[in-house]
Amino acid sequence: MPFPKHAHTITGGCNCGAVRYRIAVPQYADRPPAFTLGPSPDLANPRTPRLPFALACHCNDCRVASGNSSFEAIQTPAPQMTVSALQVGNGSNLPRSHTGRLVERPMTEDEVTASDADRPAYVPALDVLRPDVPGAEGTTLGFFHAFICDKEAASRSFCIRCGGPVAFHCRPQAEWFGPSFKQPEGWSDIFDVLLGTVDRHHLDKEDWLAVEHDQAWDEGLCWNKAVLVNGRSPGARRHPSGALSDEVPEGDLLRP
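As structure tokens, then:
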């Protein structure tokens, strides 16, 4: 389901709270079209994808980087995203093990506001979530990419304190997408923000953060694609907690 048409803000961050972000989603008319719709996307068509949106990437690199059967994220133009990263001295010398969050994870809008009052200012994501940019120095942010880790090309950001992945950054190029690519107007970089890092009170709002687009489908795992198309096998069992002794009754499977 597409995002609601009114302007709103999505918040989230890594598991220990060292890295927090905001995605400022503009009103529908101001959202840019996706950049792989060819030279003349039909903006009058309500089915034309506009950014940001939720996606799943099934390519091998994204799958391994996410540690899941597919990489689920919010694809957002860089200008819509800001980041607050705590300073912790020389992040490269952090201990190898940690217990506890630096900041408790907010569960409501009010808790987000209260937590942000004691944080460093939010700054443009391009100034923080890329390797070798000044805003990343002294934070817990680390960067990696299997092919080229470069602030001008692509990188994956993660918190080296809690190990939580945050986002994939890239600057899309025509050579990657061929004639489907159209250079965005007024911006050039995107962030794929891992969907699981979004604050729970956003994820629980209806289903507008459900994945809209599956990319690199041809590279997807056969069993995972079958689950996405047909649902889990009839023999799959659901348990209310971590214990296998109890099962969720069929009538309660979709209960909040």
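With positions in the sequence shown counted from 1, the corresponding number in the numbering used here is that position plus 988.
C-beta atoms are modelled at their ideal positions from N, C-alpha and C, and glycine is treated no differently.
The structure displayed is predicted, hence computed values, not measured ones.
Asked: Spatial distance of CYS1047 from ARG1226 (CA atoms); Found: 28 Å
Asked: Buried versus exposed call for VAL1100 [16 or more other C-beta atoms within 10 Å across all chains shown]; Found: buried
Asked: Cβ contact (3+ pairs, closer than 8 Å) linking the segment 1045 to 1060 and the segment 1085 to 1098; Found: no
Asked: Residue-level contact to chain C via CB, THR1087, 8 Å cutoff; Found: In the structure shown, chain C does not exist; there is a single protein chain.
Asked: Whole beta strand (DSSP E) elements within the segment 1064 to 1115, 3-residue minimum; Found: 1069 to 1073
Asked: C-alpha gap between ARG1035 and VAL1121, whole angstroms; Found: 37 Å
Asked: PRO1153 classed as buried or exposed, judged by whether at least 16 other C-beta atoms fall within 10 angstroms; Found: buried
Asked: Burial state of THR997 (16 or more Cβ within 10 Å); Found: exposed
Asked: GLU1207 - DSSP class collapsed to helix/strand/coil; Found: helix
Asked: Those residues which DSSP pairs with PRO1020 across a bridge; Found: Paired residues: none, contrary to the question.
Asked: Assumed close pair VAL1071, ALA1006 - CB separation to whole angstroms, cut-off 8 Å; Found: Going by Cβ atoms, the distance from VAL1071 to ALA1006 rounds to 11 Å, so no, they are not a contact pair.
Asked: Opposing strand residues paired with ASP1192 [DSSP bridges]; Found: DSSP lists no partner for ASP1192.
Asked: Runs of alpha helix (DSSP H) wholly within the segment 1136 to 1201 (minimum 4 residues, chain order); Found: 1162 to 1165, 1188 to 1191
Asked: Range of the contiguous alpha helix (DSSP H) that encloses CYS1002; Found: Premise fails: CYS1002 is in no alpha helix (DSSP H) and is neither H nor E.
Asked: Anticipated Cβ contact below 8 Å, PRO990 with TRP1196, distance rounded; Found: 7 Å
Asked: DSSP-derived helix/strand/coil call for THR1047; Found: The question names Thr, yet the displayed sequence has Cys at residue 1047. Three-state DSSP puts CYS1047 in coil, outside helix and strand.
Asked: Beta strand (DSSP E) segment containing ALA995, residue limits; Found: Unbroken run through ALA995: none, as it is neither H nor E.
Asked: Counted within 10 angstroms of its Cβ, other Cβ atoms place PHE1041 as buried (16 or more) or exposed; Found: buried
Asked: Whole-angstrom distance between ASP1187 and VAL1181, CA atom to CA atom; Found: 12 Å
Asked: Of the listed residues ARG1159, HIS1190, LEU1117, PHE1169, nearest to PHE1146 (C-alpha basis); Found: LEU1117
Asked: Per-residue burial, GLU1060 [other beta carbons within 10 Å of its own, 16 or more giving buried]; Found: buried
Asked: Best match in MET1069, LYS1139, TYR1016, ASP1138 for proximity to TYR1009 [C-alpha to C-alpha]; Found: MET1069
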